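Numbering (this note's numbering), first residue to last: 39 to 292.
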């Protein structure tokens with residue numbers, strides 16, 4: 039196993055006077071050794087692959103909870119013939135990193151490129167102000183991409199490391215679109231915040247198109263149970279990242 043990735047917790051007071059980082063604890067170090075297995079024809083085979091998974095590529099914190107993602111985490115799938123689908127996964131650390139729960143929303147029976155097999159969940163990540171999580175998976179559905187929202191409380195509740203497949207009741211996912219939306223990479227970047235001045239939070243996410251044109255898609259957050267997110271689109275040239283700043287949004291172009 040190699041190039042798995044790391045996440046460190048450190049005191050900012052250590053960085054400022056010394057000019058470097060002195061990590062005080064390694065977040066979720068034991069996860070490197072907990073590769074789960076599946077029995078196929080009487081033989082145990084690895085069901086997940088963590089080498090080159092980019093653990094720590096995306097990290098966010100909110101009120102004592104830290105979420106770190108590995109967007110290139112692969113799993114075998116449950117098909118008779120082994121595969122390696124880069125579904126991605128994230129870990130929620132709580133209680134000063136003493137406990138954790140995993141969230142891999144694309145690790146399910148909807149495998150392969152046409153499904154969520156190439157999702158790369160955790161490629162982008164953000165929190166709502168209420169602490170709910172937004173996860174971007176730009177590789178789903180032939181790289182149409184998608185966004186998943188879920189409550190941290192739902193992730194933590196009744197979590198068991200043995201449950202390789204886990205569907206959370208309160209989780210919401212954007213669905214597959216017509217083939218004309220292939221290669222859009224929705225969820226390449228996501229941000230949540232109050233961008234419109236009406237005190238109601240929205241989700242912003244980016245999709246890319248041909249000729250270096252990017253689309254900023256705004257979803258109005260509605261807490262009514264069962265309601266869908268309604269998008270509004272704005273086009274930019276080569277938009278790659280967004281963030282909230284004083285009730286507006288900032289864009290970064292590469």
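Where is the CB? At the ideal position from N, CA and C, for every residue including glycine.
Bear in mind that the values here come from a model prediction, so they are computed numbers and not experimental data.
| Check | Outcome |
| --- | --- |
| Of the residues 221, 99, 166 and 125, the one placed nearest residue 230, counting alpha carbons only | 166 |
| Element boundaries [alpha helix (DSSP H), containing residue 178] | 178 to 181 |
| Beta bridge counterpart(s) of residue 164 as assigned by DSSP | 172 |
| Proximity of residue 115 and residue 163 at Cβ, strictly below 7 Å | no |
| Option nearest residue 102 by Cα separation, candidates 211, 136 and 206 | 136 |
| Backbone secondary structure at residue 202 - three-state DSSP | coil |
| Secondary structure of residue 193, DSSP reduced to three states | helix |
| Closest Cα partner of residue 210 within the set 202, 224, 188 and 225 | 188 |
| At least 3 beta-carbon pairs within less than 8 Å: the segment 131 to 149 vs the segment 169 to 177 | yes |
| Straight-line Cα distance separating residue 109 from residue 92 | 6 Å |
| Through-space distance from residue 222 to residue 139, alpha-carbon basis | 30 Å |
| For residue 75 and residue 214, the rounded distance between their alpha carbons | 30 Å |
| Alpha carbon of residue 172 to alpha carbon of residue 107, nearest angstrom | 12 Å |
| Residues near residue 130 by beta carbon distance below 7 Å, same chain, minus five either side | 103, 105, 138, 139, 141, 190, 193 and 194 |
| Assigned exposure category for residue 133 - 16 Cβ within 10 Å defines buried | exposed |
| CB contact flag (residue 4, residue 112, <7 Å) | Here the chain comprises residues numbered 39 to 292, so residue 4 is not present and cannot be evaluated. |
| DSSP state of residue 219 mapped onto helix, strand, coil | helix |
| Start-to-end residues for the beta strand (DSSP E) that takes in residue 107 | 103 to 108 |
| Which listed residue (205, 182, 170 and 118) has its alpha carbon closest to that of residue 80 | 118 |
| Buried or exposed by the 16-neighbour rule on C-beta atoms within 10 Å, applied to residue 150 | exposed |
| Pairwise C-alpha distance: residue 77 and residue 224 | 35 Å |
| Which listed residue (200, 127, 88 and 82) has its alpha carbon closest to that of residue 154 | 127 |
| Collapsed DSSP secondary structure at residue 144 in the structure displayed | coil |
| Where residue 116 falls: helix, strand or coil (DSSP) | coil |
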